[in-house]
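K.L.:
In full-length UniProt numbering, the protein residues as written are 1 to 704.
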């Protein structure tokens, strides 16, 4: 009985399971039409969610963020599932036609069963994907390319030092290395070699960061460069964060990364913690290597190892010099090779001096040129005590070797700009013209060609450099700039000619009564007001741009009768010009671009020699007195865009959409360069109808 009972229960369970299986499989067919409708509905909802995610991803990637891997995988799965679901939906009507008896049976049971099963499973997959597509974050800040390969000059004689540095970098207990040595000795070249080597041998680093610190020691700039490299500066909120908040953000990113930080041209201690950089050590595996001229800075920076970058040996120095001078010159006379070796000896193995003087002596094919070079190089170093001045005297030979005084004046002029500053070439040429340097021509177009020739000569002599990221700019090597300032401020009879103070954190102008220089640059100084009446009979150039300047007193310009170039640009707090600006009777260049001045004073009509007027991006300028612009009879360059034209106004050249401004510009017979905005058909036709205006227009902005 027990066995019979057992068999009975077993068969009952088997029958039940078989029935459930049949019913379950039959549901694939019976519910096919409902499942297809549900699949279509869920697919539409999934597609909507996918579109939402894609929009968020696109917005993040526009800010140079990187989509999360889980988001990338989800989007890929959605794409595959979508394609498969659309095939099922497309084939659905044909499969439904095969059904009969209220959809519970099929003319082809196997085909309908398989199809219904696919629909059911795909429906489940689509629902799961839709539910999985809810992301709190779709992207994260992306580190920039691990290594930016940088152009590198001659590496003659640096091989041994490079190998020594690289061996130290491979030691776990060395987190930071300081490279110190004379300016121009090759520290930056060595650092560049290390940077480029990392492009082929990262040895586990997540990111390599290069920052030029420079003498100005702007740690905000250092922080910005690091923020840019680790992908933080592309976020809109970054700009509004304080210095400390940015430091926290940088720390958050770098503390999770193994980084390699290269700091070039460090003049004083950089507080890494303050900037937001974790101290490189054995635990985090990160590295810091920096260059400096001063051994003391290596101690201040806490370098684990310090290496002095020495000048080149005699053999390496000769090899480098010979490469720059060229065999043709060395073989041009029997005695020149011997004289050239004496010049090399005077350079004392300093690579920058060897390169600069070597190029200056290229194609000097008479013994007299070389004998003179030796005499000059022997005399200057003996007069100067410090090594820096010895370097400057060596570099001064290249300055003295320039064929024209104009070139020397133009080179000295470049030292008015800050270290590592990218100087716009067009600005240089226009300023040189107004200073009277380009005196071979009366008009700016021809003078610009002369200026271009001078720039090329200075580039060829290695006294200027092309900027890496902009063909429209040049810059000075910091040692060359120091040399030119030494010449302009201290050397020989030129004492006190230049007064250059960049980035001073002063509230008021200092020693305002004692401005005796010929050229002065106070760029990036925090001078809020200029209220004195300095006596400056010799002053010809005054750079006050980017100074946060707010007020200039009426008497400030009273005794600057010889001033030719005045740069007040990028002073966003400057809302008005003093009436006393009319005292600048010799002024030829007035640069007001990116200021907040609201109107031009009528007293400007006294500036009869004005040749250059820059009013670009003066967004608050709403009034120019009528008959003012046409008074500038010598004006050759006029730049003004965009323009805030007003609908009504009395005695205003900016009223009536600027039609009257065009009429005044027609009166300027010497105008050669025009940047202007046009808003009406009448103004455009008026401009085009004037042969002179049509021919001199460099920048034309059309706005309805």
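We treat Cβ as the ideally placed atom computed from N, Cα and C, and that holds for glycine. Computed from a predicted model, the values in this text were never measured in an experiment.
Can you tell me where the alpha helix (DSSP H) with residue 359 in it begins and where it stops?
P.N.:
351–361
K.L.:
How many angstroms separate the CA atom of residue 464 from the CA atom of residue 685?
P.N.:
43 Å
K.L.:
According to DSSP, is residue 567 helix, strand or coil?
P.N.:
strand
K.L.:
Apart from the five residues just before and just after residue 486, which ones in its own chain have a Cβ nearer than 6 Å to its Cβ?
P.N.:
The residues are 392.
K.L.:
May I have the straight-line CA-CA distance separating residue 615 from residue 472, to the nearest angstrom?
P.N.:
20 Å
K.L.:
Residue 176 and residue 278: beta carbons closer than 9 Å?
P.N.:
Residue 278 is positioned such that its CB atom lies no closer than 9 Å to that of residue 176.
K.L.:
Which word fits residue 436, buried or exposed, when buried means at least 16 other C-beta atoms lie within 10 angstroms of its C-beta?
P.N.:
exposed
K.L.:
Would you report the Cα separation of residue 531 and residue 542, rounded to the nearest angstrom?
P.N.:
Their Cα atoms are separated by approximately 16 Å.
K.L.:
Is it true that the segment 200–210 meets the segment 302–314, where meeting means three or more beta-carbon pairs spaced less than 8 Å apart?
P.N.:
The segment 200–210 is not in contact with the segment 302–314.
K.L.:
Tell me which residues share the same chain as residue 150 and place their Cβ nearer than 8 Å to its Cβ, disregarding the 5 neighbours each side in the sequence.
P.N.:
192, 195, 196, 210, 468
K.L.:
Considering just the uninterrupted stretch of the alpha helix (DSSP H) at residue 331, what are its terminal residues?
P.N.:
Here residue 331 belongs to no alpha helix (DSSP H), and DSSP marks it neither H nor E.
K.L.:
Does DSSP put residue 207 in a helix, a strand or coil?
P.N.:
strand
K.L.:
To the nearest angstrom, report how far apart residue 223 and residue 247 are at their CA atoms.
P.N.:
8 Å
K.L.:
At the level of alpha carbons, what is the spacing between residue 503 and residue 526?
P.N.:
Taking the straight line joining both Cα atoms gives about 7 Å.
K.L.:
Use the C-beta contact count for residue 366: other C-beta atoms within 10 angstroms, 16 or more gives buried, fewer gives exposed.
P.N.:
Residue 366 is exposed by the Cβ-count criterion.
K.L.:
Can you give me the start and stop residues for the alpha helix (DSSP H) that residue 431 sits inside?
P.N.:
425–435
K.L.:
Who are residue 264's beta bridge partners in DSSP?
P.N.:
Per DSSP, 212.
K.L.:
Pick from 681, 536, 219, 341: whose alpha carbon is nearest that of residue 517?
P.N.:
536
K.L.:
Determine the burial state of residue 574: buried for a count of at least 16 other Cβ atoms within 10 Å of its Cβ, exposed for fewer.
P.N.:
buried
K.L.:
Classify residue 329 as buried or exposed, calling it buried when 16 or more other Cβ atoms lie within 10 Å of its own Cβ.
P.N.:
Per the 10 Å Cβ criterion, buried.
K.L.:
By the three-class DSSP mapping on this structure, what secondary structure does residue 81 have?
P.N.:
Note: residue 81 maps to helix in three-state DSSP.
K.L.:
At what residue ranges does the UniProt domain "Disease resistance R13L4/SHOC-2-like LRR" (523–681) contain a whole run of the alpha helix (DSSP H), taking only runs of 4 or more?
P.N.:
659–665
K.L.:
Could you pull out every residue in the same chain whose Cβ sits closer than 8 Å to the Cβ of residue 227, ignoring the five residues on either side in sequence?
P.N.:
233, 238, 246, 249, 250
K.L.:
State buried or exposed for residue 73, treating a residue as buried only when at least 16 other CB atoms are found within 10 Å of its CB.
P.N.:
exposed
K.L.:
Check whether the segment 324–344 and the segment 298–305 touch, using three or more Cβ-Cβ pairs below 8 Å as the test.
P.N.:
Put simply, the segment 324–344 does not touch the segment 298–305. Fewer than three CB pairs are less than 8 Å apart.
K.L.:
Around the C-beta of residue 286, are 16 or more other C-beta atoms found within 10 angstroms, so that it is buried, or is it exposed?
P.N.:
buried
K.L.:
For a test of the three-state rule: what should DSSP assign to residue 366, helix, strand or coil?
P.N.:
coil
K.L.:
Answer yes or no: do residue 500 and residue 395 have a C-beta to C-beta separation smaller than 9 Å?
P.N.:
no
K.L.:
Could you check where the beta strand (DSSP E) with residue 290 kicks off and where it finishes?
P.N.:
287–292
K.L.:
Less than 9 Å between the C-beta atoms of residue 568 and residue 604, yes or no?
P.N.:
Their beta carbons are not under 9 Å apart, which means residue 568 does not touch residue 604 by this criterion.
K.L.:
Between 662, 44, 123, 415, which has its C-alpha nearest residue 521's C-alpha?
P.N.:
415 is the residue among 662, 44, 123, 415 whose C-alpha sits nearest the C-alpha of residue 521.
K.L.:
Under 8 Å Cβ to Cβ from residue 122, same chain only, skipping five residues before and after it: list those, please.
P.N.:
39, 81, 84, 85, 88
K.L.:
For residue 563, collect the residues of the same chain with a Cβ closer than 8 Å to its Cβ; drop the 5 residues on either side in sequence, then sort them by chain order.
P.N.:
536, 539, 540, 541, 542, 557, 584, 586, 587
K.L.:
Give the single residue among 269, 155, 355 whose Cα lies nearest to the Cα of residue 295.
P.N.:
269
K.L.:
Mark residue 477 as exposed unless 16 or more other C-beta atoms lie within 10 angstroms of its C-beta, in which case mark it buried.
P.N.:
buried
K.L.:
For residue 221, which of 610, 243, 398 has the nearest alpha-carbon?
P.N.:
243
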